[in-house]
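> Okay, here's the structure, questions in a sec.
Protein chains: 2
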Amino acid sequence: MNIPDDILLMIPGPTNVPPQVLDALGSPSFYHRGAAFKELLEVCTEGLKKVYQTANDVLILTSSGSGAVEAAIVNVLSPGDKVLVIEGGKFGERMKDIAMTFGAEVDVLPVEPGRAADPEVVRRLLSDHKALLFVQNETSTGVRQDADLLAAAAREVGALSVVDTVSSMGGMSIPVDEWGLDAVAAGSQKAFMLPPGLAFVSMSEKAWEAAAAARMPRAYFDLVAARKSLAKGQTPWTPNVNMIRALAVSLELIFAEGLENVWRRHHALGEACRAAVDALGLRLFADREHASDVVTAVHSPDGLDSKELVSRVRDNHKILISGGQGELAGKIFRIGHMGCCQLDDLLRTIEATAIELNALGFACAAQEGLAAARAAYQAAMG
Amino acid sequence: MNIPDDILLMIPGPTNVPPQVLDALGSPSFYHRGAAFKELLEVCTEGLKKVYQTANDVLILTSSGSGAVEAAIVNVLSPGDKVLVIEGGKFGERMKDIAMTFGAEVDVLPVEPGRAADPEVVRRLLSDHKALLFVQNETSTGVRQDADLLAAAAREVGALSVVDTVSSMGGMSIPVDEWGLDAVAAGSQKAFMLPPGLAFVSMSEKAWEAAAAARMPRAYFDLVAARKSLAKGQTPWTPNVNMIRALAVSLELIFAEGLENVWRRHHALGEACRAAVDALGLRLFADREHASDVVTAVHSPDGLDSKELVSRVRDNHKILISGGQGELAGKIFRIGHMGCCQLDDLLRTIEATAIELNALGFACAAQEGLAAARAAYQAAMG
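Going down the list, the protein sequences come from chains A and B. Each residue of the first sequence is one higher than the last, beginning at 1 in this note's numbering. Each residue of the second sequence is one higher than the last, beginning at 1001 in this note's numbering.
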């Protein structure tokens, strides 16, 4: 099997995984009902609570991030419940699909791809909704929502906020308790520097109250069962023990760098990437005020198919960036800068992208992009 | 964190993982939408089809085995469907719970723990049931069902067979097509020699027909979506790429040994363990005709708490065996012999168990147990 191990992953997940984390992942498997696992689960849960900035439980699921999003939805809602979903990209669409599949009555606020939802509009639309569902960081468009304002709007009408932070938790400061986010889903393969395969959900007290009455069916994703098991240092189903062992190491790395420093580095990488985009004469796809710090989406220059750009950057430079998804295929490209990504990784990516843009007929000065990125990074790091 | 890496896992999962598989697991992460993943997914899917002995798709899920059991159930049933569940242990109970949670009308055939269901009784009970649900190898009791006869009984009334083979697939020959099993769930952490975290489901043509009409809600576990993605060499949600990479290696090991040889080795280990139980003067918990080849459950001698035995074997010999679950806690102990388990591992376990049984006041001759195990193994290997 030809799986190239020397490709720099500059996609919005999976990200590169640090060697210490890979070592833990490839360590012997072990028993999930013993004292060692109990201690491991406690350490990981406490670490996740710090990253989430919450005093509530953060539950660890063996699934991809989409599983955690499903868990967040089905544990607080009943069939027939009215919800409002903000849809401005592929992952907003997924939230809508899950809610509809499990029988919610779904109102959709469509938002133009690349734009964030206006909290005022959301406030006006909310009425007797049981919950507001939104993606805090929409990977498909590089847009960050004003999650604090959206959650406040939901709270005003007594609605729960169910939030997908799969691509952003850990890379951006998302103070779950301060902002009052009720059910918050995240995944392992982004800022947590792990492969895909684990997912996390926090639940507020209000969310747990809702869970007690919620009637959407759930078994594997039953968070009440997960919470009950957690109190005994266990999970209800056999968990991916090797991944949880690796999670403990990734959390150690995060806390060694310092959470604030990790967030600052991600912000600086975002600033650097955006500055390079400007300097190369490209156009950001996302509204600049809401541009994500973990993934940057860029308009492909007129007439230039971004799929071709992505292929050339991969084949000629061993760097993987992303194209657009769905209707945006060929029209945008995306650079992920999350997890263990460092400035050098981003600079290498900017240079490779500039070289291939020139080769495809879009004239731009790589050196100017690099200089702008360096300056913006330094300014942001302070 | 103190996670002991030198413990021999003789529990019914997670099992020990061979070093080659751990190496693959700890290799760099990679992109799940590229050519390399497509090839990997094809190789793994083809390998799983051989293990399952089926011409139908076997879908790979990022979840524990219980997720695959849920997927098998919710993809073929609708709320209100009448099903018959055989319940003779913890995992049969789990199938019942999942079916009830998602709205099936559940009839239960209770079977005394340690006994198998009588196919004739099942045949008489089946009427207008949409499906028969059963655990082919009940880990909690060490009992193997006559899956061929049970599936035939279901087929007679036009019912689907939904089968949990989580602990047995790969370790025992379960010819899915020949026996006509319709939806069959398995997990990575047993005979597949991987950590927990991946699960597998095969679906017969009849199961796919049922899926087209089935109305139990499913999103993360939507097998129709999984099948559609598989045709493109993808999965609908981000999969655990590192685990799938490790799965390819474990399948290579299985095929290098030869599937028939793997099954023969497991059967020989089962025979060896049962012979040792007899020679030590212990009593098998499972009906001998239906004793599992991957896990052996043993009555704890009168007055001897099996929890204490398990602790002593662990602390004094660095070997982990299992106690009983639920009502069987303290009353039975279980020895798992699956995956990469070799005769030497089992002999070490028998000796350690005999030593600790003596220490706890149950007189038995370790050497007789070992001799019986060796002889039975050799006889079975031929």
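Backbone N, C-alpha and C fix where the C-beta goes; we use that ideal spot for every residue, glycine too.
(1) Tell me the start and end of each unbroken beta strand (DSSP E) in the stretch 42 to 86 of chain A that is at least 3 residues and wholly inside, in chain order.
(2) May I ask you to report which of helix, strand or coil DSSP gives A:Leu149?
(3) Can you give me the Cβ contacts of A:Pro18 inside the same chain, cut-off strictly under 7 angstroms, excluding the 5 residues immediately before and after it?
(4) So, with DSSP's three-state summary, where would you put B:Pro1004?
(5) Take B:Ala1117 as the anchor and find which of B:Val1106, B:Gly1103, B:Ala1153 and B:His1129 has the nearest alpha-carbon.
(6) Hey, how far is the Cα of B:Ala1186 from the Cα of B:Val1163?
(7) Look at the Cβ atom of B:Val1313, then the Cβ atom of B:Ala1352, and state whether they are nearer than 9 angstroms.
(8) Is DSSP giving A:Val17 helix, strand or coil here?
(9) Taking B:Leu1247 as the reference, which of B:Ser1188, B:Pro1217, B:Ala1207 and B:Asn1261 has the closest Cα?
(10) Is the Cβ of B:Asn1002 closer than 9 angstroms to any Cβ of chain A?
(11) Can you give the Cα-Cα distance for A:Leu269 and A:Pro175, rounded to whole angstroms?
(12) How is B:His1267 classed by DSSP in three states: helix, strand or coil?
(13) Tell me which same chain residues have a C-beta within less than 8 angstroms of the C-beta of B:Ala1214, skipping the five on either side of it?
(14) Which chain A residues sit within Cβ distance under 8 angstroms of B:Thr1062?
(15) For A:Arg388, which three-state DSSP category applies?
(16) Taking the alpha helix (DSSP H) that A:Ser229 belongs to, which residues open and close that run?
(17) Scan the stretch 1224 to 1243 of chain B for residues whose Cβ lies nearer than 7 angstroms to a Cβ of chain A and list them as they occur along the chain.
(18) Do B:Ser1029 and A:Asn16 have their beta-carbon atoms positioned less than 9 angstroms apart in this structure?
(19) Assign A:Met338 to one of three DSSP states: helix, strand, or coil.
(20) According to DSSP, A:Thr296 sits in a beta bridge with which residue or residues?
(21) B:Val1106 and B:Asp1128: beta carbons closer than 9 angstroms?
(22) Could you check whether the Cβ of A:Glu178 sits closer than 8 angstroms to any heavy atom belonging to the ligand SAM?
(23) Throw me the rounded Cβ distance for the A:Val295 and A:Gly142 pair, which I believe falls under 8 angstroms.
(24) Hey, could you find the ends of the beta strand (DSSP E) B:Phe1134 is sitting in?
(25) Does B:Met1203 come within less than 9 angstroms of chain A when only Cβ atoms are used?
(26) Could you work out which residues of chain A lie near B:His1032, taking near to mean beta carbons separated by less than 8 angstroms?
(27) Are there three or more Cβ pairs, one per stretch, closer than 8 angstroms when the stretch 215 to 225 of chain A is compared with the stretch 1049 to 1062 of chain B?
(28) Quick one: does B:Arg1334 have its CB under 9 angstroms from some CB of chain A?
(29) Could you say which of B:Asn1002, B:Tyr1031, B:Leu1008 and B:Pro1012 lies nearest to B:Pro1239 if we only look at CA atoms?
(30) Looking only at C-alpha atoms, which of B:Asp1057, B:His1337 and B:Asn1002 sits nearest to B:Met1203?
(31) Please list the terminal residues of the continuous alpha helix (DSSP H) segment that includes B:Val1313.
(32) Show which residues of chain B have a CB atom less than 7 angstroms away from the CB atom of A:Asp23.
(33) Using beta-carbon positions only, say whether B:Tyr1377 and B:Leu1343 come within less than 9 angstroms of one another.
(34) Please name the residues in the stretch 97 to 122 of chain A whose beta-carbon is closer than 8 angstroms to at least one beta-carbon of chain B, in chain order.
(35) What residue does the beta strand (DSSP E) around B:Ser1027 start on, and which one ends it?
(36) Are the C-beta of B:Ile1313 and some C-beta of chain A separated by less than 9 angstroms?
Let me lay it out:
(1) 58 to 61
(2) helix
(3) Met193, Leu253 and Cys340
(4) coil
(5) B:Ala1153
(6) 9 angstroms
(7) yes
(8) coil
(9) B:Ser1188
(10) yes
(11) 20 angstroms
(12) helix
(13) Val1074, Asn1075, Val1076, Leu1077 and Ser1078
(14) Thr62, Ser63, Ser64, Gly67, Pro196 and Gly197
(15) Outside the modelled stretch of chain A, which goes from 1 to 382, sits residue 388 of chain A, for which no answer is possible.
(16) Leu223 to Leu230
(17) Trp1237, Thr1238, Pro1239, Asn1240, Val1241, Asn1242 and Met1243
(18) yes
(19) coil
(20) A:Ile335
(21) no
(22) Questions concerning the ligand SAM fall outside what the structure shown contains, since it holds no ligand whatsoever.
(23) 5 angstroms
(24) Ala1131 to Val1135
(25) no
(26) Pro14 and Pro196
(27) no
(28) no
(29) B:Tyr1031
(30) B:Asp1057
(31) Ser1306 to His1317
(32) Gly1026
(33) yes
(34) Asp97, Ile98, Thr101, Phe102 and Gly103
(35) Segment: none, B:Ser1027 is in no beta strand (DSSP E) and carries neither H nor E.
(36) Note on residue identity: the sequence assigns Val, not Ile, to residue 1313 of chain B. B:Val1313 does not count as touching chain A.
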